[in-house]
Structures are given as structure tokens and as C-alpha cells.
Amino acid sequence: MNTRIWAITGILLCAALGGCATKSPEKAAGDTAPDQQALTDHIVQIQKQLEQSPENGRLYFELGNAFFDQGRFVEAFEAYQKCLTHEPRLAEAYTNLGLTLRRLGRDSAAMGAYEFALEIKPDDVLTLENMKVLAEATGDLPRFQRAVERLAALKPRDVLLQGQLADTYFQRGQFEEAIPVYEKLLLIEPNEILNLYRLGMCHYSVGRFEQAGLVWRQALRQDPGHAETLKALAVVLWEVKNYDAAWAAVQDCEAHGVRLPQEFLDTLKNDSGR
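Final position of the sequence shown in numbering that gives the first Met the number 0 is 273; the numbers increase by one with none missing.
If you want it as C-alpha cells, here you go:
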């Protein structure tokens, strides 16, 4: 591919990714909307029970949850650690320990706690969701992708998760992996213009120019003025040397107030002999 034109389509790729990240709230195992006085009373009650059963890991887990809900994160951290001393296979405790470490500003340790939780319960949705949020916040794309892939497999009908999976593949240049996910999404929402555009970009990026053009024409039937798709169609028609159609696409861009890079227009003029 002409490297100058790839610079043009690189801009289109960036446009395709704009705003695709969707943040989700982190949650603790047993998350509730706590009443503070009830929590204080509950803490006192648990502490009395622990005087009688000091090796009861489950009680330390409940204590950690109560401290967490009160925002007493150092005490929650200590309670979860004691819990895991007595209940080392309690995945929920690792999950909530990770969330507590997040509140204490220890993101790396939090990710380690989530990893321990997933060693015990690999398909725990809550832990995977918390890992996804943390990985997104810290720019850890491999772990973000791993969490999204597993969540998408566990929730195949979750359109948001499937979209995150497709966009993650797209962002990482895994276009072949992204294509079937976008196609699946389009079976659910056939008129979703952004997914059509990105599917076309995937085909384009692996050199399937004719297929990219077909997808983009479909997108423009849904939204004739979609700027990125208009520009992309002009580029792909140039790629397949259909210069008359490329010039028609340029005219469509102009009719919708969409500006193409002058570098591309100069290349098209030179190649088409106009």
C-alpha cells in the first residue's frame, strides 16, 4: 500500500476509535447500599463474634466488607488479609482486597489480588469486570483484552461487551479477530453505522478492498453523510483503481462538506490522469 495513503487511513482509524471506551463501575462482592449506623452496629457484633472464634475467616471477610462500606480502607485491608490467612481459597476475599487496594492507591497490588481470585474462580464475572476497569484505567491492554474476551464469552448476548471486544481487537490491530465480532454485532443491530465503518476498516486493513467498499456502501445507505465513511470509500475506490467511482466519491464528500486531504486528491489526479 502507498505509505502516503496509509497516513490518510491512519487518521480514519483514529476517528473510528474515538469514544469507544465505556467505563463500568467497580463492585465489591456482596455490594450493598449500606446504612452507616447499621454498619457500625454490625462491626461491633462481628468483633464480638471474633473474640469467640478468632480463626473464623468468613467473619473477617464480613468485617472487611463492613469497614470497606464505611470507607475505612486500611482496616478493611487488614481484615481481608486475616480472612485469607484462614480462608486462602476464598476468591471473593481476593476480589474485595483488590478493590480495597485500589482505594489505597496500590493499583499493581490490586491487579495481583484479582489474578489470585481468578486462579481460584476463573469465570468469576465480578472479578473480571473489576480487572477490566483497572486495566482500562492503567492502560494495561493485554489484561483488558483478556478480561473482555472472557466476559464476552460468558455473556454472548451482551451487546456492550461484544462491542468492547471488537473495539479492543480493532485498537490492537487484530483485524481478523475483530471482523466476526463486528459481523455478529451487525446481526443484532444491522444499522449501527459505526460498526459498519469499523468492519469496513478491518477488511481494508487486511487488504480486502472490494469487501471494504461493499460494507462502506451499505453504511452510506444508512447514513449518506457519515464523514469518515465517505472519505474511506473514496480511498478504497482509488485502491482498486476505479478512478471514475473514486472521483464520484470525492464529489459526494464535497456535497456533504467533507474535506479530503490534499495529498490524496493530488495522488488521485496523478493516477487517474485528470
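Note that beta-carbon positions come from the ideal geometry of N, C-alpha and C, so glycine has one too. Treat the numbers as computed from the prediction; the structure is a model and nothing was measured.
Short of 7 Å in beta carbon distance, which residues of its chain neighbour residue i, apart from the five on each side in sequence? Order them along the chain.
i, result
"residue 89", "56, 60, 82 and 83"
"residue 236", "212, 244, 245 and 248"
"residue 210", "202"
How many Å lie between residue i and residue j at the Cα?
i, j, result
"residue 108", "residue 39", "28 Å"
"residue 258", "residue 267", "14 Å"
"residue 131", "residue 167", "12 Å"
"residue 121", "residue 251", "51 Å"
"residue 179", "residue 52", "54 Å"
"residue 191", "residue 123", "31 Å"
"residue 78", "residue 148", "32 Å"
"residue 72", "residue 133", "18 Å"
"residue 142", "residue 161", "16 Å"
"residue 36", "residue 43", "11 Å"
"residue 150", "residue 144", "10 Å"
"residue 221", "residue 208", "20 Å"
"residue 65", "residue 58", "11 Å"
"residue 255", "residue 202", "25 Å"
"residue 54", "residue 85", "6 Å"
"residue 87", "residue 174", "41 Å"
"residue 182", "residue 229", "21 Å"
"residue 13", "residue 106", "The predicted model places residue 13 with a pLDDT of 47, which falls under 50 and marks its position as unreliable, so this point remains unresolved."
"residue 273", "residue 261", "15 Å"
"residue 274", "residue 253", "The question about residue 274 has no answer, for the chain in this structure spans 0 to 273."
"residue 225", "residue 45", "60 Å"
"residue 333", "residue 47", "Residue 333 cannot be examined here, being either before or after the span of the chain that is shown, 0 to 273."
"residue 22", "residue 156", "The predicted position of residue 22 is uncertain, since its pLDDT is 49 and thus under 50; no value can be drawn from it."
"residue 119", "residue 214", "43 Å"
"residue 265", "residue 217", "27 Å"
"residue 80", "residue 50", "17 Å"
Using alpha carbons as the reference points, say which of the options lies closest to residue i.
i, options, result
"residue 146", "158, 163 and 156", "163"
"residue 241", "87, 270, 219 and 222", "270"
"residue 101", "75, 210 and 121", "75"
"residue 129", "97, 139 and 140", "97"
"residue 69", "264, 41, 139 and 140", "41"
"residue 204", "233, 63 and 172", "172"
"residue 138", "263, 110, 232 and 206", "110"
"residue 153", "86, 47, 127 and 174", "127"
"residue 63", "50, 34, 47 and 99", "99"
"residue 275", "175, 216 and 165", "Not covered by the structure: residue 275. The range shown for the chain is 0 to 273."
"residue 232", "199, 50 and 261", "199"
"residue 206", "217, 238, 224 and 226", "238"
"residue 34", "273, 67 and 227", "67"
Can you give me the Cβ contacts of residue i inside the same chain, cut-off strictly under 8 Å, excluding the 5 residues immediately before and after it?
i, result
"residue 158", "184, 187 and 188"
"residue 112", "93, 94, 96, 97 and 100"
"residue 103", "72, 73 and 76"
"residue 18", "Because residue 18 sits at a pLDDT of 44, beneath the cut-off of 50, its placement in the model cannot be relied upon, and the point is left open."
Considering only residues of the same chain and omitting the five flanking positions on each side of residue i, which have a CB-CB separation below 6 Å?
i, result
"residue 169", "177 and 197"
"residue 115", "93"
"residue 135", "143"
"residue 20", "Model confidence at residue 20 stands at a pLDDT of 43, short of 50, so the residue's coordinates are unreliable and nothing is read from them."
"residue 219", "228"
Quick check for students: name the residue ranges of the alpha helix (DSSP H) that lie wholly in the segment 129-200, counting only runs of 4 or more. 140-153, 158-170 and 174-187
At what residue ranges does the segment 193-272 contain a whole run of the alpha helix (DSSP H), taking only runs of 4 or more? 208-221, 226-238, 242-254 and 261-271
In chain order, each alpha helix (DSSP H) run of at least 4 residues that lies wholly inside the segment 59-111: Fully enclosed alpha helix (DSSP H) runs of 4 or longer: 72-85 and 90-102.
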